[in-house]
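K.L.:
Residue numbers (our numbering), protein chains in the order written: chain A, 195 to 508; chain B, 119 to 619.
All C-beta atoms in this analysis are idealised placements derived from N, C-alpha and C, irrespective of residue type, glycine included.
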Ligand SMILES: Nc1ncnc2c1ncn2[C@@H]1O[C@H](COP(=O)(O)OP(=O)(O)OP(=O)(O)O)[C@@H](O)[C@H]1O
Ligand SMILES: [Mg+2]
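1) Touching or not, the stretch 320–335 of chain A and the stretch 256–268 of chain A, by the rule of three or more beta carbon pairs under 8 angstroms?
2) Could you tell me the alpha carbon to alpha carbon distance between residue 461(B) and residue 438(B), rounded to whole angstroms?
3) Ligand 4 and residue 510(B): does any heavy atom of the ligand fall closer than 6 angstroms to the residue's C-beta?
4) Quick one: which residues of the stretch 216–234 of chain B get their C-beta closer than 7 angstroms to a C-beta of chain A? List them in chain order.
5) Just how far apart, CA to CA, sit residue 476(A) and residue 218(B)?
6) Residue 239(B) by DSSP, collapsed to three states: which one?
7) Under a Cβ-count criterion, where at least 16 other Cβ atoms within 10 Å of its own Cβ denotes burial, should residue 313(A) be classed as buried or exposed?
8) Hey, is residue 204(B) close to ligand 2, as in C-beta under 6 angstroms from one of its heavy atoms?
9) How should residue 553(B) be labelled, buried or exposed, when 16 other C-beta atoms within 10 angstroms of its C-beta is the threshold for buried?
10) Could you list the residues in the stretch 444–458 of chain A with a C-beta less than 9 angstroms from some C-beta on chain B, going in chain order?
11) Is residue 256(B) near ligand 2 - that is, is its Cβ less than 6 angstroms away from at least one heavy atom of it?
12) The alpha helix (DSSP H) with residue 339(A) in it runs from where to where?
13) Looking at the structure shown, is residue 331(B) part of a helix, part of a strand, or coil, going by DSSP?
14) Would you say residue 617(B) lies against chain A (beta-carbon separation less than 7 angstroms)?
15) Using only CA atoms, which one of 407(B), 425(B) and 426(B) lies nearest to residue 417(B)?
16) If I measure Cβ to Cβ from residue 473(B) and keep anything under 7 angstroms in the same chain, skipping five residues before and after, which residues do I get?
17) Would you identify the three-state DSSP class for residue 320(A), choosing helix, strand or coil?
18) Taking only beta-carbon positions, decide if residue 376(A) is within less than 7 angstroms of chain B.
19) Say the cut is 6 angstroms; is the CB of residue 571(B) nearer than that to a heavy atom of ligand 1?
20) Ordered along the chain, which non-local residues of its own chain (more than five positions away) have a Cβ less than 7 angstroms from that of residue 277(A)?
21) Using a cut-off of 8 angstroms between C-beta atoms, extract the partners of residue 504(A) located in chain B.
22) Would you give the residue range spanned by the alpha helix (DSSP H) that residue 560(B) belongs to?
23) Taking the alpha-carbon positions, what's the residue 137(B) to residue 309(A) distance?
24) Can you list, in chain order, the residues of its chain whose CB lies under 8 angstroms from that of residue 567(B), leaving out five sequence neighbours each side?
25) Does the contact criterion of 3 or more C-beta pairs under 8 angstroms hold for the stretch 145–164 of chain B versus the stretch 484–501 of chain A?
26) Pick from 522(B), 493(B), 325(B) and 134(B): whose alpha carbon is nearest that of residue 532(B)?
27) So, does the CB of residue 295(A) fall closer than 7 angstroms to a CB anywhere in chain B?
28) Would you decide whether residue 380(B) is buried or exposed? Buried here means 16 or more other CB atoms lie within 10 Å of its CB.
29) Is the separation between the beta-carbon of residue 133(B) and that of residue 397(B) shorter than 7 angstroms?
30) For residue 394(A), count the other beta carbons within 10 Å of its own beta carbon; 16 or more makes it buried, fewer makes it exposed. Which is it?
31) Counting only beta-carbon separations shorter than 7 angstroms, does residue 520(A) have a partner in chain B?
32) Strictly under 7 angstroms for the Cβ-Cβ distance: is residue 402(A) near chain B by that measure?
33) Indicate whether at least one CB of chain B lies closer than 7 angstroms to the CB of residue 259(A).
34) Per DSSP, what kind of secondary structure is residue 186(B) in: helix, strand or coil?
35) Taking one C-beta from the stretch 466–485 of chain A and one from the stretch 404–418 of chain A each time, how about it: are there three or more such pairs within less than 8 angstroms?
36) Should residue 160(B) be counted as a contact of ligand 2 given a C-beta to heavy atom distance under 6 angstroms?
Right, dumping it as structure tokens:
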């Protein structure tokens with residue numbers, strides 16, 4: 195068997211993709227409510243937030259890191275952005291504020307892991323609490339309501355017949371894919387996650403690139419925070435709780451390895467959509483939300499098992 | 119003159135790795151750096167390559183004093199190093215690893231990188247493919263990637279830290295050819311090795327380190343091998359290893375028509391009590407795979423393994439260990455050692471039962487085992503509590519050997535046991551093997567160093583491409599072995615096969 199380059203589209207990606215198709219076809223047959231424009235649009239909207247966060251998480255995981263604080267960063271970004279809107283700033287500025295706010299915390303996460311040389315799991319477990327705490331303090335625990343009506347377009351609008359967020363998602367995914375596969379930053383992310391010593395000895399500025407990856411992850415999370423705020427039409431300081439696990443799960447189902455050095459954008463998108471379809475399908479089929487959680491958990495383990503088996507075989 | 123080091127000192131906490139390192143290297147010269155395990159060779163070279171900073175002494179590069187704070191500083195001046203322990207990114211391709219850290223622009227053009235790497239590989243006829251992923255390569259393949267990496271940097275000084283310890287003879291010859299080409303181009307080369315047989319074919323100048331200090335430097339031609347060994351170990355020691363003759367007893371290990379996909383086909387052999395059987399062959403011939411199959415790591419498709427005439431079902435290393443088989447693996451970093459744990463824990467890891475009672479470890483007894491082996495195998499360590507990963511390469515190998523010796527067994531499989539260990543320690547390891555044989559153990563030993571295999575083994579089995587191609591009695595010559603081992607179609611798969619399982 196000819197070993198393949200990392201990242202290239204090849205057989206290994208086919209299985210998650212096939213599962214997605216099967217799931218899609220199965221749901222279309224099982225329930226007439228599935229294959230409707232309204233439902234599909236709502237699936238896209240629901241998964242867009244997790245999807246965009248997961249794109250950043252893909253880069254971080256490839257570089258051998260992890261970010262548990264993305265749920266809190268999402269709330270922080272959303273809150274900062276909506277507060278800017280409340281003060282009368284234009285929507286573009288508000289969204290930019292949300293992105294920069296997210297990027298700031300990503301930067302801090304990267305800085306702490308590289309400077310203090312603490313395991314990113316611990317660092318981001320810490321910032322998960324810190325960022326959530328600061329968000330609650332700044333907002334006094336109260337959501338931001340005074341937002342211009344047109345802001346809802348970001349999360350709920352339609353462009354060219356499909357939800358506007360789909361375009362955002364596609365642009366982000368394309369950008370992250372190019373970044374990972376065709377730029378120095380991306381190749382270094384793989385190298386660092388694959389063997390940090392080798393990267394250092396190769397003369398790669400490891401700290402700089404690690405921080406960059408976390409910062410980009412934070413920026414994408416900030417954007418996701420603004421989309422979430424637009425869908426809720428409020429800046430919720432409690433938004434995004436538990437999202438970190440969904441984002442990580444999407445990456446892992448898509449073939450990312452928590453040991454670093456492996457992961458793809460396409461895989462992550464598929465992973466996020468599989469989870470989105472599972473929960474949407476269970477809703478439509480009237481499966482209890484309690485059971486849904488168990489199903490998704492089982493799917494994560496199944497996906498990773500299959501992936502490991504494939505790796506051992508080749 | 120390229121490089122001049124004078125009175126270099128380096129301390130790691132309480133341990134002095136270098137006291138007085140002196141070394142002068144000229145352009146167009148191959149300089150051998152010799153010394154026992156832990157003498158400070160790698161440390162000195164890491165200082166030259168900017169991976170470590172010296173605590174004292176002077177460091178001149180082309181007549182100018184220099185100080186490096188990062189590997190990139192050394193690289194910028196034209197110093198490159200092939201490391202003793204593989205330093206590659208396993209998930210990236212061969213091409214990407216070769217040029218890692220030297221991408222010219224923000225955008226990475228994969229096709230261009232692959233083409234450049236392919237050209238380099240083609241030029242030297244390495245059995246590599248620029249697009250292979252590095253984690254699929256055997257140790258030898260990885261070594262070649264490191265060499266490509268170093269030569270591609272266009273450096274004026276190249277450091278090889280034991281580049282051939284995991285290479286076959288054919289590949290070693292190729293490395294020598296490269297070294298000679300580099301030398302002809304006017305580059306300086308520093309070459310560290312423990313393989314005495316390869317020195318003369320390549321070295322011009324030799325410097326010997328002992329206990330962190332330079333004790334000798336001279337042209338290679340002025341030195342006999344015995345003198346060299348005396349400088350290294352500081353005492354008389356013969357390069358010849360003697361066996362105590364023992365009459366072989368009953369057949370202990372018997373293998374019958376063993377097939378292990380994808381490589382091994384119909385292997386049959388016997389090893390008697392008190393016998394040391396050598397297993398020769400090129401890298402990729404399947405010697406390691408055979409050891410792994412006997413030890414229960416790889417599944418056998420067909421065939422039988424018998425211990426003392428009883429058929430065994432070996433589905434895991436536990437089964438094999440219970441049947442009285444021990445494997446000393448070749449890849450010490452991956453399968454041999456808990457690098458973050460103390461030496462003492464490593465030596466007792468496989469034999470905790472022996473030093474515990476009612477499930478509780480008798481620490482005093484465990485410590486006795488450790489100190490005993492530190493003395494017997496001359497492990498150069500600060501204390502038994504030192505982390506195993508902090509030892510020099512050769513001393514790590516000795517800890518792995520100690521772990522399995524401590525356990526005891528009826529059948530020992532030694533896979534490249536002397537890789538990277540110094541002459542003195544080799545003699546110790548062979549003494550231990552001799553002693554085991556006298557006590558009635560059956561020993562199967564894989565080694566790529568033919569001279570020592572010919573000296574120590576009672577008979578030699580030769581493998582080629584997964585099959586046994588012949589058996590030679592004691593007294594065989596290197597040529598006879600090579601004829602059975604060599605394969606003429608130099609397939610690129612050779613460098614890849616080692617890690618296929
Ligand atoms: N990072 C480290 N921390 C502590 N001690 C170290 C470290 N690196 C090396 N040493 C110690 O320094 C001494 C010299 O080690 P070095 O690796 O230079 O030996 P070497 O001559 O290359 O031996 P070998 O032939 O076994 O590779 C050893 O005693 C080793 O234990
Ligand atoms: Mg060394």
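P.N.:
Reading off the structure:
1) Segments in contact, yes.
2) Each residue's Cα considered, the two are about 25 angstroms apart.
3) Although ligand 4 was asked about, the structure shown includes only ligand 1 and ligand 2 as ligands.
4) When C-beta distances to chain A are compared with 7 angstroms, the residues of the stretch 216–234 of chain B below that value are 218, 219, 221, 224, 225 and 226, in chain order.
5) Distance from the CA of residue 476(A) to the CA of residue 218(B), rounded to the nearest whole angstrom, comes to 47 angstroms.
6) In this structure, DSSP gives residue 239(B) a helical state, which the three-state scheme calls helix.
7) With fewer than 16 Cβ atoms within 10 Å of its Cβ, residue 313(A) is classed as exposed.
8) The answer is no for residue 204(B).
9) Answer is exposed; the Cβ neighbour count stays below 16.
10) Residues passing the 9 angstroms Cβ filter: 451, 454, 455 and 456.
11) Checking the Cβ of residue 256(B) against ligand 2 gives no.
12) Where residue 339(A) is concerned, there is no enclosing alpha helix (DSSP H), given that its DSSP letter is neither H nor E.
13) In the structure shown, residue 331(B) adopts extended strand secondary structure according to DSSP, grouped into three states.
14) In this prediction, residue 617(B) has a pLDDT of 37, which is less than 50 and means its spatial position is unreliable; what the coordinates show is noted afterwards. Chain A contact via Cβ: absent.
15) Among 407(B), 425(B) and 426(B), the Cα nearest to that of residue 417(B) belongs to 407(B).
16) Result list for residue 473(B): 466, 479, 480, 483, 484 and 487, in chain order.
17) DSSP, reduced to helix, strand and coil, places residue 320(A) within a helical segment of the structure shown.
18) Yes - at least one Cβ of chain B is within 7 angstroms of the one on residue 376(A).
19) At a cut-off of 6 angstroms, the beta-carbon of residue 571(B) does not count as near ligand 1: no heavy atom of the ligand is closer than that.
20) Non-local C-beta neighbours of residue 277(A) in its own chain, meaning closer than 7 angstroms and more than five positions away in sequence, comprise 338 and 429, ordered along the chain.
21) The contacting residues do not exist; residue 504(A) stays about 14 angstroms from chain B at best.
22) Segment 560–564 is the beta strand (DSSP E) holding residue 560(B); no alpha helix (DSSP H) there.
23) C-alpha separation (whole angstroms): 32 angstroms.
24) Taking residue 567(B) as the centre and dropping the five residues before and after it, the same chain places the C-beta of 313, 315 and 536 closer than 8 angstroms to its C-beta, in chain order.
25) With a cut-off of 8 angstroms, the stretch 484–501 of chain A and the stretch 145–164 of chain B do not count as touching, because too few Cβ pairs lie within range.
26) Among 522(B), 493(B), 325(B) and 134(B), the Cα nearest to that of residue 532(B) is on 522(B).
27) At a cut-off of 7 angstroms between beta-carbon atoms, residue 295(A) makes no contact with chain B.
28) So residue 380(B) ends up on the exposed side.
29) Contact check for residue 133(B) against residue 397(B) fails: the beta carbons are separated by 7 angstroms or more.
30) Flag for residue 394(A) reads buried.
31) A question about residue 520(A) goes unanswered here, because the residues of chain A that appear run from 195 up to 508.
32) False, the Cβ-Cβ gap to chain B never drops below 7 angstroms.
33) With 7 angstroms as the cut-off, residue 259(A) does not count as an interface residue toward chain B.
34) Taken through DSSP and simplified to helix, strand or coil, residue 186(B) comes out as coil.
35) With a cut-off of 8 angstroms, the stretch 404–418 of chain A and the stretch 466–485 of chain A do not count as touching, because too few Cβ pairs lie within range.
36) For residue 160(B), the shortest separation between its Cβ and any heavy atom of ligand 2 lies below 6 angstroms.
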